[in-house]
Structure formats: C-alpha cells, structure tokens
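Engineer: Chains A and B, in that order, are what the protein sequence lines are.
Position one of the first sequence corresponds to residue 753 (the numbering used here), numbered consecutively onward.
Position one of the second sequence corresponds to residue 535 (the numbering used here), numbered consecutively onward.
Just so it is clear, CB atoms sit at the ideal spot from N, CA and C, and this is done for glycine as well.
All figures in this text were calculated on a predicted structure; none of them were measured in a lab.
Below is one structure. I have some questions about it.
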Amino acid sequence: MTSLPALPTPKKLGLVIDLDTCVGCHACVVNCKEWNTGGYGAALSDQDPYGAEVSGAWLNRVHSFEVVPDGEVVGEAGEARIVHFPKSCLHCENAPCVTVCPTGASYKRADDGIVLVEEDKCIGCGLCAWACPYGAREMDLAAGVMKKCTLCIDRIYNETLEETDRTPACVRTCPANARHFGDLGDPESEVSKLVAERGGIDLMPEQGTRPVNKYLPPRQRKPLSASAGLLPEDTSDATGLFGWLDKMLDRI
Amino acid sequence: MKPRERVALSRPVADEVRKTTCYMCACRCGINVHIKDGKIRYIEGNRDHPVNRGVLCAKGSAGIMQHYAPARLRAPLKRVGPRGSGQFQEISWEEALSTATEWLGAVRANDPRKLAFFTGRDQSQSLTGFWAQQFGTPNYAAHGGFCSVNMAAAGIMTIGGAFWEFGAPDWERTKLFVMFGVAEDHDSNPIKMGIARLKKRGARFVSVNPIRTGYSAVADNWIGIRPGTDGLLILSVVHELLKARRIDVDYLVRYTNATWLVIDAPGTAEHGLFARDGEGRPLIHETVTERVVPLGTRGARAALSGRVQLGDGRFAVPSFQLLAEKYLDEKYAPEAVAAETGVRPETIRGLAGEIARVAFEEEIFIGQPWVDMNGQRHQGYVGRPVSFHAMRGLSAHSNGFQTARALHMLQVLIGAVDCPGGFRFEPPYPKPMSAHPTPHGKAEHFGSNTPLAGPHLGFPRGPEDLLIDANGRPARIDKAFSWDAPFAAHGMMHMVIANAHAGDPYPIDVLFMYMANMAWNSSMNTAGTIRMLEDKDEKTGEYRIPKIIYSDAYASEMVAYADLVLPDTTYLERYDCISLLDRPISEPDAVQDAIRWPVLEPDRDVRPFQTVLLDIGARLNLPGFSDGHGRPLYKDYADYIVRHERRPGIGPLAGFRGREGDKAGRGAANRGQLQRYIENGAFFSAHIPMEAQFFKHANQAYQDFAVRMGFFDTPQPVTFQLYQESLQKFRLSAEGVREPVAPETHRERIMQSFDPLPDWYRPFGEAMVDQKEFPYHAITQRPAAMYHSWGSMNAWLRQIHTRNPLYVPGPICDELGLRDGDWAWVSSHHGRIKVEVARMEAVNASTLWTWNAIGKRAGTWALDRDVPEARKGFLLNHLISELLPPREGGLRLSNSDPVTGQAAWYDLRVSIEKADAGPVSEPQLTPVAQPEPEPHPSELRYGQEWAQ
C-alpha cells in the first residue's frame, strides 16, 4: 500500500475538458502518444502494428457515445446526438490507484498533485488499473510497466521550452480549444473560473475519488423552430415585393 | 529530495527544430519537426503559422508513423508479372527515366492526345499543368472532378470564388455560422478552431448534414437533411427571405447583375441573354428618365423590376424580377419542401428567421473609409454577420452545381459576401469567370511535338468554347468540356480509365498518374475498374490501356496496376510549394504561400515526383524544361521553384522576391528565396491594407493591391452573377435556336439542369432507379483522423479506425431485426456488398453510411493480409457505377453532374437485407503481392532509445 500526500496539495494541476466543443478528432490522443513515446519513461509500444491484432498503449483516448436526451434542450427535442468524451487520468485527490500500489511505484506528488508512476518500481501487477474506476491506466506490454497521463510533467516544468509551450501536449495541440490546463486548487486561476462559469462537473463523483480534472457540459441550445416566428407573415406576391423594392431604391 | 522526485523535468526536446508544412491531409498547416539523433522526436503545430496557429490534428501528429511506414516504396519498379499480381523488379532510376521518356516521346511525336496525365491530391498543379501543356496532350487534370468542382465552379461563376482555398467565414466576427455537408478532414484545423472561437462568443452554429458526427456533433442545431435535397432547403430559405423582404437591396444594386436587363424574346437566339449596347455593356432601365442606358451611366437609378422595351423593339426585364418571380413560387414554401428534404417547416422558417435577424438586426459597422470601383467613397464597411461553409456534401451530387449556386446566391441576397462577419475572399480571389482562361484541347490546339495552345482547364463562355470536334464528339479522353459536362473546370479524372478502356472517344497509349488510388477508393465501380486495367485486347494480346506509369510514395492498391513505378519521397523529404498559381493558403486579411523542404534525407532510392517530372520534361526537350538541346533548365524542383517565371517577375512563390528578397508578389528571382522561407517558418505572409480588406470584388484599394502583387495585370472586379448568362446559352443551344446546337441526346438534360437561376432537380442517381426497390441513401463520411486511403498504413491512426461498419438508422434496424455486429447485404442497381452493421440514431432516417477508405485490398499498404481493414473493412465504391443506368436507346452517360462533370458519389440509392454472419466483407478481391516492402516489425517501441 502506498500513501497519498497530505491533502490538499498546495497546487492541484489538472485539465478542464470542454464537451461543448470537442468534435472527437483525436488530435489530443495522437499528439499525446507522440510526445510521450519519446518522453517520460518507457516508450508507448504498439503490438502487431501492421497486423490483424493491432493494439498499443495510449495515455488518452476519446470515447464516442450516442445519446437521445429526454427533457434537456439540446437542439430539437428528443434528437439524438453524439458526445465525444476524451478521457485520461483525472489526477484524483483520493486516488485509489495510488493507495492500492504494492510497491510505492504509483504516487501523487505532494506539491502539485500530479499522479505518476515511477517505472523502476513498477512490477506490472496491474492492481492500479483495476482500482481506477475510469480505466485511465494502460499497461505497456513491451516494458511491462503501467503507463498513465503525466500531465506532460516533462513539458510543464521544462525550462528549455518557451513559457507558452509549458503546457500538456494535448492542450497545446487541441484544434477545438476543448482542453485547458491549470491549477484547479486556485479559485482565481483561469481554469477554476471556467469551471465556475460553465458549471464544470466531476466524473463519477459517487466513486469518492475527488478527481482534479473537470468536464464542461455542452452548452444549452435553443431549437431553430423557436425562431420560426421571427419573419413577418407577409404573404404579398411578387407585385407587392416589387412595389416595396421601388421604395427601397428611392432610399439608396 | 526523495528518489521519486528525481524526474528530469527540463530535458531539451530535440537537437533541432525544422519548420515545414504538413501533408497528412490537404490543410497545409505549419509544423515544427523536432529532430533528435537524426530521427523525428516530435511534430507539433507551428504557433506562428497562419493556418493552424500552433494546433495540430491527429493526422499531423501521426506524421512520424507516416514517414517511417513500411509501406514506403524503396526503388523504381518494373512490372514483371501480370497487372495486379504485384510482381515487380527493382530497376535503376536511369532505366526508369529512359523507359518513361521513350514511351512518352513516341506519343508526343505521333499523337500527343494518347497520353492521359492525371494527378491526384497533389499540391503541385501549377507545375503538372504547365508540364502537360508543354507536352501538348489535351488530356490533363487533377482530382477536382471527383472531389468538389461543383462548389468551385459554382462559386467562381456566381461570385468569383468559393470556400476553402478561395475564401472562409469571418470567424472573428460571424454571429451565425451555417455549415452544409463538410467532410471532417476538410480544412479541418481552421474549421475546428473557428467553431471554438465562435462558440466562445455565443454565436450560433447550425450544421446541415445527414449524419451527426464530428463538427455536426457540437452544432447548436443539426438539420439531418435527406441527401441531395440541400438545394431545395436553401431555395426555401430564399423564398422566406424574399417574402419577408429581408434582402439587402443596396448590396444587390451595387454588386450584382440584379439590374441587368434580360431579353424576353422566346424562340430566338438571344432569349434570356443580357441586353447589351454596341460595346457589349449590359443595359439597365433608368427609372428617373425612363430610359434604357448602359450599366455605369452616372446617377442612374436602375430598376429591379418592370418590363421595358429596348431600342430594337424587343422587350426585357431586370434579372432580379425573374429571380423574385421564380423563388416566390409556393413550390418553395417550407411546407412544400418538407417532405422532400425531411426538414420540418418550422425548422426551415426558424433558419430563415435567424439568418434574417442576424444579418439585418446585428449589423456590424467598421469605421474604415474605403473607395469602390466607381470612385465612390464609403464611410465604412457594413457587415452582415452570417456566414456559410460547404463542401462535398453539396458538391458530390448530380444536382450539386445548382445547389452550390443556390448557396452562393443566398449569401449575396443578404449582402454577406466579403463583408465583416460574412464569407470573405482569400487572395488571389475573387477572380471573375472572365479572368479565367477558356479551356484548350480542340484539334487545332495541339499537334505533334507541339505545346498545347493554352491552359487545359478553364471556363467556357458558351457552347462555342466546348472541346468537341465538328461532329460534337469530345476532344478529351475524360469528355470534359463536351456536351456531357460543359463546365468541367477540373476535368473528370473518374472517367479516364473507363473511357480509355472503351476507346471512347479514342484509345490511349500511356496513362500517367500521380498519387491517385484509382484501383481502389478513388474510382467508382472499383472491381470493374480493376478489370479494365487488367483487360487485354483479344487480337493483339496487349493491355487495352497499353502502358501505365504511376508515381506514389506508398504501396497503394494502384501500384499493382502500374507497368512502371516512380517512387516518390515522403512529405518530409522534399521541396514543395503551396503556390498562389495553384491553391494557396491565403487568409482573408493576408496573401500567403508556403513551402515544404527536406527536413530529412531519404534513406531509400526514391526521388521527389516533381523533380522527376522536370527530368522527364528535359529529356523530352519540352519548352520550359529544356534549353532545346536536351540540357535541363532546372537542376531540381527547388531550382524550378526559385527560377521559373510564369509571367515576368511572377513565379511559383510570391515571397522574398527581388535580388534582396524584399519584394512581394512581383520581383526578380531570388536565389536565396527558399532559405528565406525556411527562416520564416516555411511560409510567407503579406497583409492586405485595412482599406482593402473587405468588398474586395469592388474595392479600388484591393484591386490596386492585387495588380501590385501580380494576381492580375489590370483590375478584375467581380459583379456577382445571380443570373448566369453562360448557362442560358447552353439552353438556347438545347432549344436548337443558337449555334452550335446541342445534340438531340443532350437537349432534355441541358434544358433541365442549365437553368440560369439556381435550381433544384432530383439527382439522376435517384431519379433513374426504382425508389421502392432501392429505398435508402448510402453515403460516406470522412473521419477526422484519416485522410482518404492514407491512414491505414499508419500504425497509430489505424488503431483509431481499424474497420468501418455500415451505420444503419435505428428504425431500419428495428424493421430488419438488425443488431450491432450483424451482417447485411447492401445492393444498388450496379452491385452488392456484404458488410457488418452498427445501429445509429443521430442520422437521417433514410440514410446508411460508413467511413470512407478504411477498407483495404488484402496485400496492399504493407499490411498483413488478414488485417481487419481487408477482412471487415469495405468500400461503398463497389455499389456506385461510373455510368448512369441506360436511357432509351441504350445511351449511358457518366454518373456526374451534367454541368461540371463532378462525380456524383452521393447520389447512390440502395436496399438492405439481413445476411448470414461474417466472417468477411464482400466482395473480397484476390490479395496482391507486395512490391517488396520493408519488412515490418511485430512490435513498435518508437522513441525507446530516448526513455529516461
């Protein structure tokens, strides 16, 4: 068993993911893979990469769900929609993946709350993956160690990068501006304000994991049919229109 | 410090960053390629780049796996087994180039039209087109004919430009954005960035698309329209706007041909054409003095309605009157179109209501004075912040040209073209149809060892410009610019193989193609196309298409059908230019172009196709490529990019010209030009002055800027052509009253589809089949993480889409008892396929769909033969015929738009029935042997050497 740091950590670094603009394009997924396969810890391997059983280790995946909402206004009532749902480690305050780790390889950093795996200590037992209710950890089959989102710890503190680039790869690359990074422990941070403004939510709060990452729900939509009355009900024929045009021409 | 804190947090990412242009799709984003130990460590978006501003999509981020893919070709190949067997022998470049030169030289001397040279999704068309012109064959085009020529041609013929390369929504200011049928890999980063920006501002985003994936998934409102009926929806919105008088009259009078008088003399050769004076100036009805005067007469108050007698006694009416009368007809009322479109009347009214409200009640004013082409000074720019974007969903139907015309007309009626918040042109557009060439390729345009008399592609002004012989037969192998497809401005690549095989209009000797997977996903009737490539003449035993030269970087399905393979480099190993002479990357506020350069050296015996083309051009002694004595004018493509001049001072790149590199647009060649591009992040950008940024079609400062930059040599303002006179000329020919008269076989079709005002008619693919027998539509969508067939050889991208189910609307599943994972037969009038199905609700109720080009032929792309892409993936292409069903008398015309020849992919109608379970999709074609690809690993650990 591994202990969590004293809570709360001074900083709670994490992601805010906007489900209103995520189009499910997988930019974050692939950019995460290419950054991290040459970065922190072992490469993110791919098995049978050109064969029938292709699979690989990824730190971030997008799941797409189809929902037919009832009640909520999401456009036209009762209309089905697709929700694209990116998911990576949520850097929980009460991280079950850490407390379950038999070797101390999984840990939560005391100063910023990032949950990491120290790969040298990881024995690849997979208990943490079982313990994580979000399925956010993936075993690297080549290295035999557990891989997970590091919040790009080798970017966000990397002094060789320009300051503006010290952000996780997924955030930097997201074309739809659906990913935001910051300190969710600071109520004045941009991400905290965004969460407050847009009613950001915890994923599966009933699990008691107290995730740091937050999701912004889709914005409310107003059906087009609500605007059907905007046009004046003018049933004049072409002759009427031409009369009106004549008056308009006088004003030009 | 505790041991666990010992993470190296500040490791330098790489040894060097090289900035170039992405080519994982057609977007042309700027990328920073981080190089470490001579390998790619990381690819990210270039923050300074105007296209993507730092972001990068899944495809771009997977560039590493594309660059190192085992499917890369390694050396020139000569076919040694039968076509399609995949049996090749590696040969030297010298042998490859001399073989190509020998084949092509004989054609050029004997009959240049026996070369058909067609390129796919390449970005070097200003070179390939020039080469083909110097060669002298009339048979050249790129892939636009099977992509989006309807949108491009309709845009140019209506407003002088269209979407993507020609213009874009004003993302910063638009308050209502309406998108029709756009592939999720089209202009993908700019669109995603734009949607995010407008949502942040609280602007509304409406998506019209039968399928609610991708962009549509985040739209505020989704209109799940029935495929092929978008034109009717748009015209219904126009009907509502006209009825409610929510149109911009001032804008129409200033910038369009609404006031131009149209001759009303039925049965004569000039009926429906514009009345003109002796100098060719259109006439208008001046209502103060009650006289007919030429356009441009000072102080004239032009009528928009009213029949008037011309000096010659004939009568005429302003074109706007014809427009208004047409669309006020109750057949365009929302109630009247609801059943056909599948869109509820109140939704159509709501869409029209929102368009009207935002355009006229949320007007934007930018207080920047400017002067129009008449010398009139304006206090500022009036913006109608409604913008649109559309692409293949509208285009890829046989009524797509008219539908795209309708969308452009709608934008003009509300005054939203090139204004703040609307659709904005990107330089060098707008460009009126009159500034485009007419097509060249008639018999008098070419001959033995002679360049073609002018550019291949252009816009006929009327039937007199068609590329046909005295008997009305097509001059081009693809029948572009014939009566079959008069405005085929991008050619008809999808017809080349079928026509060449049939020897109709004539047989060819050499088929030369670049980067076009015509033996698979880029052809209709894929299995049939393959048979045509394999078919031999019974008498001679020779292939019906005798010689095929093909260039590609990867072992695509098409490679197996080549006789000679010229292996290209990857996009990171060569020079390219994204030129203003072709399809540049300009933004509404700036003129921009870009380059690629070799950020890595090839490790195989491959050469950039463009350099190879220059080499062959020199060997053939083509003017512009050789000094006439067999010596090449250019060392390689980089040298050509820098030194080639199309007109004095105008070359492939606009930036850093002049001896000092300080000239933009026009200027002497600068030997240091490419280095300057590289230092600047591989692109060039010149801002348009503020007084020139809007209403470019009529803005004096912009027109002067365009001349200064070298887009044109004289100003080329555009008057928007709501009423299109060139189309009417074809109708007069079809009526038999104007020379040249249309052949009987084409008259009815031209009368139906060449309305000079935007129109809707039922797509041919739907109208010509029994709708009870084939009750559903079947279409493809392009996933955001793949670009056509390029993604499946990519170890990362193929994990996102490893196979493609057929998505079936829930009610159809219920009716047929289909569940996820069941199999079904899907049939069309042309063929049938067996596929795995998945249920979906967020889709038009009569539309089945799947992802494009995931399915692969076994044995290609260096994938194992038993991959899911080959076993379970499939193509809809097998259901789509390149020909329409036969008409009376057996005539079969191509499955294309009758105006532009655009491939009508989305007209497909099908039936579906439950099938026995798997295990494989059908048809399964025989596997292809790999042309000796690199051996591929069973496991990848990319970057492991850099692990901490």
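(1) So, is the C-beta of residue 881(B) closer than 8 angstroms to a C-beta in chain A?
(2) Can you tell me whether residue 759(A) is buried or exposed, with buried defined as 16 or more other CB within 10 angstroms of its CB?
(3) Where residue 884(B) and residue 979(A) are concerned, what is the direct C-alpha to C-alpha distance, given to the nearest angstrom?
(4) Please look up how many angstroms separate the CB atoms of residue 765(B) and residue 936(B), rounded, as I've assumed it's under 8 angstroms.
(5) Look at the alpha carbon of residue 1328(B) and the alpha carbon of residue 600(B), and state the distance between them as a whole number of angstroms.
(6) To the nearest angstrom, how far is the alpha carbon of residue 698(B) from that of residue 721(B)?
(7) Using a Cβ cut-off of 8 angstroms (strictly closer), state whether residue 949(A) contacts chain B.
(8) Going by beta carbon distance, what residues of the same chain come within less than 6 angstroms of residue 1179(B), once the five residues before and after it are set aside?
(9) Relative to chain A, which residues along the stretch 1379-1411 of chain B have a C-beta separation below 7 angstroms, given in chain order?
(10) Would you kindly report the start and end of the unbroken beta strand (DSSP E) that includes residue 839(A)?
(11) Among the residues of its own chain, which have a CB less than 6 angstroms from the CB of residue 1177(B), if the five just before and after it don't count?
(12) Have a look at 840(B), 843(B), 818(B), 839(B) and flag the residue whose alpha-carbon is nearest the alpha-carbon of residue 832(B).
(13) When the Cβ atoms of the stretch 734-744 of chain B are set against those of the stretch 1343-1362 of chain B, are three or more pairs found closer than 8 angstroms?
(14) Between residue 764(A) and chain B, is the shortest Cβ-Cβ distance under 8 angstroms, so that the two count as touching?
(15) Using a 10 Å radius around the Cβ and a threshold of 16 neighbouring Cβ atoms, would you call residue 1005(B) buried or exposed?
(16) Per the DSSP calculation, residue 1044(B) is bridged to which residue(s)?
(17) With burial defined as no fewer than 16 other Cβ atoms inside 10 Å of the residue's Cβ, what is the status of residue 964(A): buried or exposed?
(18) Cβ of residue 873(B) less than 8 angstroms from any chain A Cβ?
(19) Starting from the beta carbon of residue 846(A), find every residue of chain B whose beta carbon is closer than 7 angstroms, and list them in chain order.
(20) Any C-beta of chain B sitting closer than 8 angstroms to the C-beta of residue 903(A)?
(21) Does any CB atom of chain B fall closer than 8 angstroms to the CB of residue 825(A)?
(22) Report the rounded CA-to-CA distance for residue 1260(B) versus residue 1020(B), giving the unit in angstroms.
(23) Using the Cα positions of residue 913(B) and residue 870(B), report the straight-line distance between them to the nearest angstrom.
(24) Per DSSP, which residues does residue 920(B) bridge with? Please list them.
(25) Leaving out the 5 sequence neighbours to the left and right, which residues in its chain are closer than 7 angstroms to residue 620(B) when beta-carbon positions are compared?
(26) Roughly how far, in whole angstroms, is the beta-carbon of residue 1086(B) from the beta-carbon of residue 659(B), given that I think they are within contact range, below 8 angstroms?
(27) If I measure Cβ to Cβ from residue 695(B) and keep anything under 6 angstroms in the same chain, skipping five residues before and after, which residues do I get?
(28) How is residue 880(A) classed by DSSP in three states: helix, strand or coil?
(29) Please confirm if residue 1477(B) has its CB atom under 8 angstroms from at least one CB of chain A.
(30) Out of 753(B), 1375(B), 1036(B), state which residue places its alpha-carbon closest to the alpha-carbon of residue 1426(B).
(31) So, residue 852(B) versus residue 829(B), is the Cβ gap smaller than 8 angstroms?
(32) Inspect the beta-carbon positions of residue 954(B) and residue 917(B) and report whether they are closer than 8 angstroms.
(33) What are the start and end residues of the beta strand (DSSP E) that includes residue 1127(B)?
(34) Under the three-state reduction of DSSP, which class applies to residue 825(A): helix, strand or coil?
(35) Assuming residue 977(B) and residue 1003(B) form a contact by the criterion Cβ under 8 angstroms, report the distance between their Cβ atoms to the nearest whole angstrom.
(36) Assuming residue 1413(B) contacts residue 1442(B) under a Cβ cut-off of 8 angstroms, what Cβ separation, rounded to an integer in Å, is found between them?
Structural biologist: With the given structure in hand:
(1) The residue labelled residue 881(B) in the question sits at position 347 within the second sequence. Taking Cβ atoms only, chain A reaches closer than 8 angstroms to residue 881(B), which makes this a yes.
(2) Here residue 759(A) corresponds to residue number 7 of the first sequence, with the count starting at 1. When all chains shown are included, residue 759(A) counts as exposed.
(3) By 1-based counting over the second sequence, the position of residue 884(B) is 350. By 1-based counting over the first sequence, the position of residue 979(A) is 227. CA-to-CA, the gap between residue 884(B) and residue 979(A) works out to about 4 angstroms.
(4) Within the second sequence, residue 765(B) is the residue found at index 231, counting from 1. Within the second sequence, residue 936(B) is the residue found at index 402, counting from 1. Under the criterion of beta carbons closer than 8 angstroms, residue 765(B) and residue 936(B) qualify as touching, at roughly 6 angstroms.
(5) By 1-based counting over the second sequence, the position of residue 1328(B) is 794. By 1-based counting over the second sequence, the position of residue 600(B) is 66. So the two alpha carbons sit approximately 5 angstroms from each other.
(6) By 1-based counting over the second sequence, the position of residue 698(B) is 164. By 1-based counting over the second sequence, the position of residue 721(B) is 187. About 7 angstroms.
(7) Within the first sequence, numbered from 1, the residue matching residue 949(A) stands at position 197. Residue 949(A) does not count as touching chain B.
(8) On the second sequence, position 645 is the one that residue 1179(B) refers to. Around residue 1179(B): 1185.
(9) Close to chain A, meaning a Cβ-Cβ distance shorter than 7 angstroms, are the following residues of the stretch 1379-1411 of chain B: 1396, 1397, 1398, 1400, 1401, 1402.
(10) Taking the first residue of the first sequence as position 1, residue 839(A) is located at position 87. It spans 833-840 - the beta strand (DSSP E) in which residue 839(A) sits, taken as one unbroken run.
(11) Your numbering for residue 1177(B) matches position 643 in the second sequence. So the list reads 1203, once near-sequence residues are dropped.
(12) For the purposes of this step, residue 832(B) is taken as the residue at position 298 of the second sequence. Nearest option by C-alpha distance: 818(B).
(13) Result no; under three Cβ-Cβ pairs closer than 8 angstroms.
(14) In the first sequence, the residue the question calls residue 764(A) occupies position 12. The C-beta of residue 764(A) comes no closer than 8 angstroms to any C-beta of chain B.
(15) Reading the second sequence from its first residue, position 471 is the one you call residue 1005(B). Residue 1005(B) comes out exposed.
(16) Working through the second sequence from its first residue, we reach residue 1044(B) at position 510. Note: residue 1044(B) sits in a beta bridge opposite 649(B), 1081(B).
(17) Working through the first sequence from its first residue, we reach residue 964(A) at position 212. Within 10 angstroms of the beta-carbon of residue 964(A) lie 16 or more other beta-carbons, which makes it buried.
(18) Position 339 of the second sequence, counted from the first residue, corresponds to residue 873(B). Not an interface residue.
(19) Residue 846(A) sits at position 94 when you count from the first residue of the first sequence. Listed along the chain, the chain B residues whose CB falls inside 7 angstroms of the CB of residue 846(A) amount to none; the nearest CB is some 19 angstroms away.
(20) Working through the first sequence from its first residue, we reach residue 903(A) at position 151. With its beta carbon at least 8 angstroms from every one in chain B, residue 903(A) lies outside the interface.
(21) For this step, residue 825(A) is matched to residue 73 along the first sequence. Confidence in residue 825(A) is poor, its pLDDT being 48 and thus under 50, which makes the residue's placement unreliable; the coordinate value appears in the next sentence. For residue 825(A), the answer is no, since every Cβ of chain B falls outside 8 angstroms of its Cβ.
(22) Indexing the second sequence from 1 puts residue 1260(B) at position 726. Indexing the second sequence from 1 puts residue 1020(B) at position 486. Taken atom to atom, the span from the alpha-carbon of residue 1260(B) to that of residue 1020(B) is near 10 angstroms.
(23) Position 379 of the second sequence holds residue 913(B). Position 336 of the second sequence holds residue 870(B). Going from the Cα of residue 913(B) to the Cα of residue 870(B) covers about 43 angstroms.
(24) Numbered from 1 along the second sequence, position 386 holds the residue referred to as residue 920(B). Residue pairing from DSSP places residue 920(B) in a beta bridge opposite 710(B).
(25) The residue you call residue 620(B) lines up with position 86 of the second sequence. These residues qualify, in order along the chain: 1094, 1393, 1462, 1463, 1464, 1465.
(26) Start at 1 with the first residue of the second sequence, and residue 1086(B) comes out as number 552. Start at 1 with the first residue of the second sequence, and residue 659(B) comes out as number 125. Rounded to whole angstroms, the Cβ separation of residue 1086(B) and residue 659(B) is 17 angstroms, and the two are not in contact under 8 angstroms.
(27) The residue you call residue 695(B) lines up with position 161 of the second sequence. Residues 689, 701, 959, 963, 964 of the same chain have their beta carbon placed closer than 6 angstroms to that of residue 695(B), with the five preceding and five following residues left out of the count.
(28) By one-based count along the first sequence, residue 880(A) stands at place 128. Per DSSP, reduced to three states, the secondary structure at residue 880(A) is helical.
(29) One-based indexing of the second sequence puts residue 1477(B) at position 943. Yes, because at least one Cβ of chain A sits closer than 8 angstroms to the Cβ of residue 1477(B).
(30) Residue 1426(B) sits at position 892 when you count from the first residue of the second sequence. Among 753(B), 1375(B), 1036(B), the Cα nearest to that of residue 1426(B) is on 1036(B).
(31) Counted from its first residue, the second sequence places residue 852(B) at position 318. Counted from its first residue, the second sequence places residue 829(B) at position 295. Result no, Cβ atoms of residue 852(B) and residue 829(B) do not sit closer than 8 angstroms.
(32) As a working note, residue 954(B) is residue 420 in the second sequence. As a working note, residue 917(B) is residue 383 in the second sequence. Contact check for residue 954(B) against residue 917(B) passes: the beta carbons are separated by less than 8 angstroms.
(33) Taking the first residue of the second sequence as 1, we reach residue 1127(B) at position 593. Residues 1124-1130.
(34) One-based indexing of the first sequence puts residue 825(A) at position 73. Unreliable placement is indicated for residue 825(A), whose pLDDT of 48 sits below 50; no coordinate value is reported for it.
(35) As a first step, residue 977(B) is located in the second sequence; it is residue number 443 there, counting from the start. As a first step, residue 1003(B) is located in the second sequence; it is residue number 469 there, counting from the start. The Cβ separation is near 6 angstroms, so the contact holds.
(36) In the second sequence, residue 1413(B) corresponds to position 879, counting from 1. In the second sequence, residue 1442(B) corresponds to position 908, counting from 1. With 8 angstroms as the limit, residue 1413(B) and residue 1442(B) qualify as a contact, their Cβ atoms being about 6 angstroms apart.
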